[in-house]
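Enquirer: Have a look at this one before I ask anything.
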Amino acid sequence: MKPILPSLREKNRYIVYALKSDKKLKFDDIKMAIEKAHLDFLGELGSASSGIRVMDHFSQNKGIVKVNSKFLDKSRVALMMMDKVKGSKVEVKNVGVSGTLKKAKAKFFNNGGGV
């Protein structure tokens, strides 16, 4: 079977977010909270269609979420509506969006851009 041409594939976007919290949080707890926020806001079908994936890159209280480009705005809203992680209050800010993971890391992590 032939692979799908790049022009016909679903496009992805990488959302860079920043967490502000009083307590030190584990990445696994943050990942579960992000997935739960998407499930609550978009429902099961919307969450599955958005193709959300929380990337393992988390440093400087910033992280990256990979989503389908058609669900970019809805995913940003779902992230902003997240207010608790493991019972502790958090504030989530969308730092920026990029089309590639490499550019997202370079623009928002290395140079200190965004927040």
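So in the numbering used here, spot 31 of the sequence shown is number 19, and the numbers just go up one at a time. The C-beta atom is built at its ideal place from N, Cα and C for all residues, glycine as well.
Quick check: the Cα distance between residue 22 and residue 67, rounded to an integer number of angstroms?
Expert: Translated into the one-based positions of the sequence shown, residue 22 becomes position 34. Translated into the one-based positions of the sequence shown, residue 67 becomes position 79. Taking the straight line joining both Cα atoms gives about 7 Å.
Enquirer: Tell me residue -1's beta-bridge partners as DSSP assigns them.
Expert: Counting from 1 along the sequence shown, the entry for residue -1 is found at position 11. DSSP links residue -1 through a beta bridge to no other residue.
Enquirer: Between residue 60 and chain C, is there a C-beta pair that is closer than 7 Å?
Expert: No chain C is present in this structure, which holds just one protein chain.
Enquirer: Three or more C-beta pairs under 8 Å: does that hold for the region 81 to 93 against the region 9 to 19?
Expert: no
Enquirer: Cα separation between residue 94 and residue 20?
Expert: Counted from its first residue, the sequence shown places residue 94 at position 106. Counted from its first residue, the sequence shown places residue 20 at position 32. Residue 94 and residue 20: Cα-Cα distance of roughly 26 Å.
Enquirer: Terminal residues of the continuous beta strand (DSSP E) containing residue 29?
Expert: Residue 29 sits at position 41 when you count from the first residue of the sequence shown. Run containing residue 29: none in the beta strand (DSSP E); it sits in the alpha helix (DSSP H), 15 to 38.
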